[in-house]
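Remarks on the structure that follows.
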Amino acid sequence: MTASLEQLRRCHFAVDLGAARTRVYVKGAGLVVDQPSAAAVNTRTGALIAVGELAEKMTGRTPHYIRVVRPVSGGTVVDIEMAQRMLRHLLGDKMRRSLRRKPILRAAACTPHDADPLAQRAAIETLVGLGARRVELVDTLIAAAVGCGLPVEQPEATMIMVCGAAATQVAVLSLGAIVTAERIPVGGEAVDHAIVQHLRHQHELMLPSQSVRPLQLALSGNGLTPHGPASTEIHGRDVATGLARSVQVDTAAVRDAIQTPLTAILDGIGKVLRDCPPDLVADLGERGIMMVGGSALLPGLDEMLREATGMPVRIAERPDVCAVQGLGAMLEGKIEPLALDPLGA
């Protein structure tokens, strides 16, 4: 279910609810919210303690009666009421009042490729709870391609790879539509989990929750390529004693540990190319793959894909906000649809 450009031009704000971050674009105001998708709740009273950055910092550091929850998982809203409360606080009273003045408030939202009707309904219900009278859904792949400047509406192939926290989506686009696509349930969180498990099993070291993203530490230098430093120091807690401890970790072993999730991504890219018409694959040999999403910044991932596919691989200028910027461009009317005249008049 993807809205037309004419429908999107009537929308007043757009929301990209991701597993890691929530972003809101307001027509005429630009990107007004870019915060972690997290909320801290007092389980005794049900009161909301904090949202966004502050709630993220509270993870693993709260008393037992305060729980940090994530209302979005894998790009799908799993707790509609909490997602609504989180969005209200992130938008703030002033912005909500200005939106409520619209006679018929319209909203747009990103949904993952091939999202089931239940996931689509959850996204719609979340924005209806904010006062939206109508909600248009846009495929994340289309929105991200528009946001990073790809010629989506042209009759030529473009390949995009959206590297999210919970999933990776790969697609070939042409004439403003998805020709073939694949959603792989492996993202930045799976890579982080592989590193955490490696440190636990090989070094008996547990990482604190605030260091669950240790990629910059473990893969500093040239990242996934073998040209980086041979070892790096990581701090954590000893599994047996519970005491703080530091270990020297072999970065080559870390690279081996994350090959399993990365192989699944490569398999997904291979499937998309196999299902793609040969004429479009020929276009891709020159244009290559555009990487967007927060996990696209994984050090050395682009180089690994370049070697595995033999195709040019580029990372968008601001990969983390491409999807919401694409929605914003559609809201502002900056995208012109391709005019086809079937009668040749």
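For the sequence shown, UniProt numbering gives the first residue as 1, with consecutive numbering after it. For each residue, glycine too, the CB sits at the ideal point set by N, CA and C.
Counting every other CB atom within 10 Å of its CB across the protein chains shown gives P277 a total below 16, marking it as exposed. The beta carbons of V162 and A144 sit closer together than 9 Å. Between A122 and F13, the C-beta spacing is not below 9 Å. Distance from the Cα of A323 is smallest, within the candidate group G310, V138, S231, for V138. Buried is the label assigned to D16, since at least 16 other Cβ atoms lie within 10 Å of its Cβ.
In the three-state scheme derived from DSSP, where H, G and I count as helix and E and B as strand, R9 is classed as helix.
Using a Cβ distance threshold of 9 Å, G74 and P185 count as a contacting pair. Secondary structure of M159 (DSSP, three-state): strand. The Cβ atoms of P319 and M291 sit closer than 9 Å to each other. Each of Q197, L262, S174, R306 was checked against the Cα of G236, and the nearest Cα belongs to Q197.
The alpha-carbon separation between A264 and D93 amounts to approximately 44 Å. Taking one beta carbon from each stretch, the stretch 38 to 46 and the stretch 108 to 115 have fewer than 3 pairs nearer than 8 Å; the two do not touch.
When beta bridges are read from the DSSP output, C110 appears opposite V138. Apart from the 5 residues on each side of it in sequence, L305 sits with its Cβ closer than 6 Å to the Cβ of V313 in its chain, given in chain order. It is roughly 9 Å from the alpha-carbon of D302 to the alpha-carbon of I289. For T263, the three-state secondary structure derived from DSSP is helix. Under DSSP, H235 forms a beta bridge with S246. For G188, the uninterrupted alpha helix (DSSP H) segment begins and ends at 188 to 203. Within the same chain, T180 come within 6 Å of D275 by CB-CB distance, once the 5 residues on both sides are set aside. Here A55 has P36, A38, A39, A40, I49, V68 as same chain residues with Cβ atoms under 8 Å from its own Cβ, once five neighbours each way along the sequence are excluded.
Linking E182 to H113 through their CA atoms gives a straight-line distance of about 8 Å.
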